[in-house]
Amino acid sequence: MSRSDILEARKILQKLYLLIKEMEAARRDRKGVDDIRQIARQQVDLTNSFYSSNQKIPYQVDWMPKEI
331 MSRSDILEAR
341 KILQKLYLLI
351 KEMEAARRDR
361 KGVDDIRQIA
371 RQQVDLTNSF
381 YSSNQKIPYQ
391 VDWMPKEI
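So the number in this note's numbering is just where the residue sits in the sequence shown, counting from 1, plus 330.
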């Protein structure tokens, strides 16, 4: 993984952090469903971007616990 890859991943994670704070504020302020859905969509898009741009980080469903 190159330095530029790491810096790009860092930018994405910083944006995700800001969206988390925005989501917390939207829920606290009881924003509408459409506002919350828009923030959630942005989070999904950035998360997908993070994992697709970082092929060295395997993202697999089987990381989740098999037993609860």
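From the three backbone atoms N, C-alpha and C, an ideal C-beta is built for every residue, glycine too.
| Query | Result |
| --- | --- |
| Alpha-carbon spacing of Q372 relative to S334, whole angstroms | 23 Å |
| Close-in-space but distant-in-sequence residues of the same chain around S383 (CB under 8 Å, 5 per side omitted) | D335, E338, A339 and I342 |
| Rounded C-alpha distance that separates I398 from Q344 | Since pLDDT at I398 reaches only 39, below the 50 mark, its modelled position is unreliable, and the value read off the structure follows with that caveat. Their Cα atoms are separated by approximately 31 Å. |
| Alpha-carbon spacing of Q390 relative to S379, whole angstroms | Here the model assigns Q390 a pLDDT of 49, short of 50, so the residue's position is not dependable, and the following value carries that caveat. Roughly 15 Å between the two C-alpha positions. |
| Secondary structure of V391, DSSP reduced to three states | Because the pLDDT at V391 is just 40, under 50, the model does not fix this residue reliably, and the point stays unresolved. |
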